[in-house]
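Taking it in order: structure first as structure tokens, then the write-up.
Number of protein chains: 2
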Amino acid sequence: MQDHSTHVQCSECPIRHRAVCAKCESDELSRLEQIKYYRSFQAGQTIIWSGDRMDFVGSVVTGIATLTQTMEDGRRQMVGLLLPSDFVGRPGRSVAAYDVTATTDLVMCCFRKKPFEDMMAATPHIAQRLLEMTLDELDAAREWMLLLGRKTAREKIASLISIIARREAALHLRKPKGMLSVDLPLTREEMADYLGLTLETVSRQISALKKDGVIALEGNRHVQIPDIDRLLEEAGDDSDGGMLV
Amino acid sequence: MQDHSTHVQCSECPIRHRAVCAKCESDELSRLEQIKYYRSFQAGQTIIWSGDRMDFVGSVVTGIATLTQTMEDGRRQMVGLLLPSDFVGRPGRSVAAYDVTATTDLVMCCFRKKPFEDMMAATPHIAQRLLEMTLDELDAAREWMLLLGRKTAREKIASLISIIARREAALHLRKPKGMLSVDLPLTREEMADYLGLTLETVSRQISALKKDGVIALEGNRHVQIPDIDRLLEEAGDDSDGGMLV
DNA sequence: GATACTCTTTGACGCAGATCAAGTGACAGG
DNA sequence: CCTGTCACTTGATCTGCGTCAAAGAGTATC
Chain V
2 MQDHSTHVQC SECPIRHRAV CAKCESDELS RLEQIKYYRS FQAGQTIIWS GDRMDFVGSV
62 VTGIATLTQT MEDGRRQMVG LLLPSDFVGR PGRSVAAYDV TATTDLVMCC FRKKPFEDMM
122 AATPHIAQRL LEMTLDELDA AREWMLLLGR KTAREKIASL ISIIARREAA LHLRKPKGML
182 SVDLPLTREE MADYLGLTLE TVSRQISALK KDGVIALEGN RHVQIPDIDR LLEEAGDDSD
242 GGMLV
Chain H
2 MQDHSTHVQC SECPIRHRAV CAKCESDELS RLEQIKYYRS FQAGQTIIWS GDRMDFVGSV
62 VTGIATLTQT MEDGRRQMVG LLLPSDFVGR PGRSVAAYDV TATTDLVMCC FRKKPFEDMM
122 AATPHIAQRL LEMTLDELDA AREWMLLLGR KTAREKIASL ISIIARREAA LHLRKPKGML
182 SVDLPLTREE MADYLGLTLE TVSRQISALK KDGVIALEGN RHVQIPDIDR LLEEAGDDSD
242 GGMLV
């Protein structure tokens, strides 16, 4: 697979940045430009329900969305956390498999499915880029499975904070230096759904990490990390998880 | 994405069946034929360790393999179960991210990475087929996350049995009819690693399901399912999971 | 046929995290 | 200012599953 990532130009629309190479596919790019459109959602709004017809794919421009699965009796498990530039929707399927919810105000860049699929069939780079993104998501899902299946509540919380710190850092393209400081974009209940815990346990473990000096809280949603290595150790990860690359 | 699956011809090599369309890509197919080779492994043998250099991709021809992640203190979580025709290895990465282990005697059809990637770049169908397979895996991973995060031990066991039943049925292209009967290709410990439990809990819950008449055991590894709907209900799934399609 | 494996089952007990419940603080609206 | 709501914290208690331990069952080796 050729790497075109070095000469990608990013602009307002993340799909331009993530899914195609600007230099090599400029004509297809302009066709993508023609079929794209934007949708806005308010915090808390459900974008689409599992089982609904879904005739678009898209990527998050600003804000945060979640994918969740719900059992009949109401038990919920988050299975995806979408930050800006993340992709939603599956080419080749017309029914949503998960609830997609905006947890903050959110702007999404959408493409109607049919023309997007046509374009994908015509331009190999898009399919290849999408494959790469999907493989990354699969890796993230497998990391998540280890967390859900084998980590303690304390390790789960430490993992979540470091995952969010890592993703925010990657997003802003800045190296973490000095005292790291992270906004948690989720409520305690959403964190619980992410981690397979109850919200009470989430709250208790955050308090415990704070008492032990692993993190410091400023308000409820803002976390400061005096020692990232300490946090990663608490998370039970055997590597730095790409944090310091 | 065009659907060529209807006129695929399957033969000894699953990659032919799963990754490309025989009618449309016959010339590329013959090139795939030229670069493929087979490797055999014994039950229990580790195919590759996480962190090792991995210069091939491949797909399982016969037998069963697992992907597992291990924490420093030895806690293990299975993150992938590979049945015949499943694909291993990630184009664009040269280091294995998981331990890959043969749990039964196994034959794998391999392609050296470099020529496979060249071929993928040259033949769009391969990338598109691989994207589809990866998206399927991602869906399975997300179902698995719900299981790990929110299901009880009993539901986990019932889910595992129905998952294996479904996949075996799909493999043999036969509709389940009458008394379903399933071979569990995993030890109790491997099931525990799949489900995020201990082997003792797995054993206890299997005994409980047997006592309650949900399943019947014939030896340790062979399960009979008198009532598949009952089992699916025990699994906590809200659909039949494609069982009866 | 005895021994030594590995895989599995079953029992007794303890604990991490769920459940149930009460209380705090921030903020909006009347 | 009072009141309601929402997100969060903290406490008390319960329980599902993990841990530790022992023993049964099947298979291979000599």
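Top line first, the protein sequences correspond to chains V and H.
Remember, the working numbering sits 1 above the position in the first sequence when you count from 1.
Remember, the working numbering sits 1 above the position in the second sequence when you count from 1.
Note that the Cβ used here is the ideal one computed from N, Cα and C, for glycine as well.
The structure presented is a predicted model; accordingly, all values stated were derived computationally and were not measured.
field: Range covered by the beta strand (DSSP E) that runs through V/V62
entry: Translated into positions along the first sequence, residue 62 of chain V becomes position 61. Per DSSP, V/V62 is one residue of the beta strand (DSSP E) stretching across F57 to T63.
query: Going along the segment 106-133 of chain H in order, which residues come within less than 8 Å of chain V, judged by CB to CB distance?
result: Of all residues in the segment 106-133 of chain H, E118, M121, A122, P125, A128, Q129, L131, L132 and E133 have a Cβ within less than 8 Å of some Cβ in chain V.
query: If you draw a straight line from the C-alpha of V/D119 to the C-alpha of V/G237, how long is it?
result: As a working mapping, residue 119 of chain V is identified with position 118 in the first sequence. As a working mapping, residue 237 of chain V is identified with position 236 in the first sequence. Rounded to the nearest angstrom, the two C-alpha atoms are 44 Å apart.
message: What does the alpha-carbon distance come out to for the pair H/T153 and V/A217?
response: As a first step, residue 153 of chain H must be located in the second sequence, where it is residue number 152. As a first step, residue 217 of chain V must be located in the first sequence, where it is residue number 216. Spanning the two alpha carbons is a distance of roughly 34 Å.
task: Would you mind giving the Cβ-Cβ distance between V/V215 and V/E201, rounded to the nearest angstrom? I have them listed as a contact below 8 Å.
output: As a first step, residue 215 of chain V is located in the first sequence; it is residue number 214 there, counting from the start. As a first step, residue 201 of chain V is located in the first sequence; it is residue number 200 there, counting from the start. Contact doesn't hold; Cβ gap of about 20 Å is too wide.
message: With the cut-off set at 8 Å, would you say H/L210 and H/A141 are in Cβ contact?
response: Reading the second sequence from its first residue, position 209 is the one you call residue 210 of chain H. Reading the second sequence from its first residue, position 140 is the one you call residue 141 of chain H. No, the Cβ-Cβ distance between H/L210 and H/A141 is not below 8 Å.
query: What are the start and end residues of each continuous beta strand (DSSP E) run of 3 or more residues lying completely inside the segment 75-129 of chain H, in chain order?
result: As far as the segment 75-129 of chain H is concerned, its whole beta strand (DSSP E) runs of at least 3 residues are 77-83, 100-103 and 107-113.
message: Just to make sure I have the definition right: I need the residues of chain V whose C-beta is within less than 7 Å of the C-beta of H/E73. Which are they?
response: In the second sequence, residue 73 of chain H corresponds to position 72, counting from 1. D239, listed in chain order.
message: Let me see if you follow: with CB-CB separation under 8 Å, is V/A236 close to chain H or not?
response: Against the first sequence, residue 236 of chain V aligns to sequence position 235. Output row for V/A236: interface = no.
field: Whole-angstrom distance between H/D184 and H/I164, CA atom to CA atom
entry: Looking up residue 164 of chain H in the second sequence gives position 163. Looking up residue 184 of chain H in the second sequence gives position 183. A direct Cα-Cα distance of roughly 12 Å separates H/I164 from H/D184.
- prompt: Going by the beta-carbon positions, is the gap between H/T104 and H/I65 smaller than 8 Å?
  reply: Here residue 104 of chain H refers to the residue found at position 103 when the second sequence is read from its first residue. Here residue 65 of chain H refers to the residue found at position 64 when the second sequence is read from its first residue. Result yes, Cβ atoms of H/T104 and H/I65 sit closer than 8 Å.
DSSP-derived helix/strand/coil call for H/L136: For the purposes of this step, residue 136 of chain H is taken as the residue at position 135 of the second sequence. Residue state, collapsed to three classes: helix.
field: Partner residues on chain V for H/R135, Cβ-Cβ distance less than 7 Å
entry: Taking the second sequence and counting its residues from 1, the one referred to as residue 135 of chain H is at position 134. One point to set straight first is that residue 135 of chain H is Thr, not Arg, in the sequence displayed. Within 7 Å Cβ-Cβ: L132, T135, L136 and L139.
- request: Compare the Cα-Cα distances from V/L82 to each of V/R91, V/V61, V/S95 and V/D74 and report the closest residue.
  value: Translated into the one-based positions of the first sequence, residue 82 of chain V becomes position 81. If we check each option's Cα against that of V/L82, V/V61 comes out closest.
task: Determine, using beta carbons only, whether V/A122 and V/M55 come nearer to each other than 8 Å.
output: Sequence index remark: in the first sequence, residue 122 of chain V carries index 121 (1-based). Sequence index remark: in the first sequence, residue 55 of chain V carries index 54 (1-based). Taking 8 Å as the Cβ cut-off, V/A122 and V/M55 do not qualify as a contacting pair.
- prompt: Nearest-angstrom Cα distance between H/L181 and H/F57?
  reply: Within the second sequence, the letter at position 180 stands for residue 181 of chain H. Within the second sequence, the letter at position 56 stands for residue 57 of chain H. Distance between the alpha carbons of H/L181 and H/F57 is about 37 Å.
- request: For V/R206, go through chain H and note every residue whose CB falls closer than 8 Å to its CB, in chain order.
  value: Your numbering for residue 206 of chain V matches position 205 in the first sequence. The sequence as given places Gln at residue 206 of chain V; Arg does not occur at that position. Neighbours of V/Q206 across chain H, judged by C-beta separation under 8 Å, do not exist; the nearest C-beta is about 16 Å away.
task: May I ask you to list the residues that DSSP assigns as paired with H/E219?
output: Walking along the second sequence from the start, residue 219 of chain H turns up at place 218. According to DSSP, H/E219 bridges with H/H223.
query: To the nearest whole angstrom, what separates the beta carbons of H/L33 and V/L132, a pair I think is in contact under 8 Å?
result: Mapped onto the second sequence, residue 33 of chain H falls at position 32. Mapped onto the first sequence, residue 132 of chain V falls at position 131. With 8 Å as the limit, H/L33 and V/L132 do not qualify as a contact, their Cβ atoms being about 18 Å apart.
query: When we look at the beta-carbon of H/L161 and count the other beta-carbons within 10 Å, is it buried (16 or more) or exposed?
result: Counting from one through the second sequence, the residue named residue 161 of chain H turns up at place 160. Buried, by the Cβ-count rule.
- request: Specify the secondary structure class of V/S51 as computed by DSSP and reduced to three states.
  value: As a first step, residue 51 of chain V is located in the first sequence; it is residue number 50 there, counting from the start. Coil, per DSSP.
query: Alpha carbon to alpha carbon, how far is V/R143 from V/D53?
result: Walking along the first sequence from the start, residue 143 of chain V turns up at place 142. Walking along the first sequence from the start, residue 53 of chain V turns up at place 52. Put simply, the backbone Cα of V/R143 is about 27 Å away from that of V/D53.
Chain-ordered chain V contacts of H/A142 [CB-CB under 7 Å]: Your numbering for residue 142 of chain H matches position 141 in the second sequence. Near H/A142 (Cβ distances below 7 Å), the residues of chain V are L139, A142, R143 and M146.
Counterpart residues of H/V203 in DSSP-defined beta bridges: Walking along the second sequence from the start, residue 203 of chain H turns up at place 202. Paired residues: none, contrary to the question.
message: Taking 8 Å as the threshold (beta carbon to beta carbon), is V/Q225 in contact with chain H?
response: Translated into the one-based positions of the first sequence, residue 225 of chain V becomes position 224. Taking Cβ atoms only, chain H never reaches closer than 8 Å to V/Q225, which makes this a no.
field: Supposed close pair H/F88, H/K37 - CB separation, criterion 8 Å
entry: Locating residue 88 of chain H in the second sequence gives position 87, where the first residue counts as 1. Locating residue 37 of chain H in the second sequence gives position 36, where the first residue counts as 1. About 13 Å; that fails the 8 Å criterion.
query: Are V/E191 and V/M79 touching if we call contact CB-CB under 8 Å?
result: Looking up residue 191 of chain V in the first sequence gives position 190. Looking up residue 79 of chain V in the first sequence gives position 78. Their beta carbons are under 8 Å apart, which means V/E191 touches V/M79 by this criterion.
- prompt: Mind checking V/K24: buried by the 16 CB within 10 Å criterion, or exposed?
  reply: Here residue 24 of chain V corresponds to residue number 23 of the first sequence, with the count starting at 1. Low per-residue confidence applies at V/K24: pLDDT is 48, beneath 50, and the placement is therefore not dependable enough to give any value.
- prompt: Cβ of H/V80 less than 8 Å from any chain V Cβ?
  reply: Here residue 80 of chain H corresponds to residue number 79 of the second sequence, with the count starting at 1. So yes, H/V80 belongs to the interface.
Candidates V/T63, V/S95 and V/V224, of which the one nearest V/W50 by Cα: Looking up residue 50 of chain V in the first sequence gives position 49. Checked all of V/T63, V/S95 and V/V224; the closest Cα to V/W50 is V/S95.
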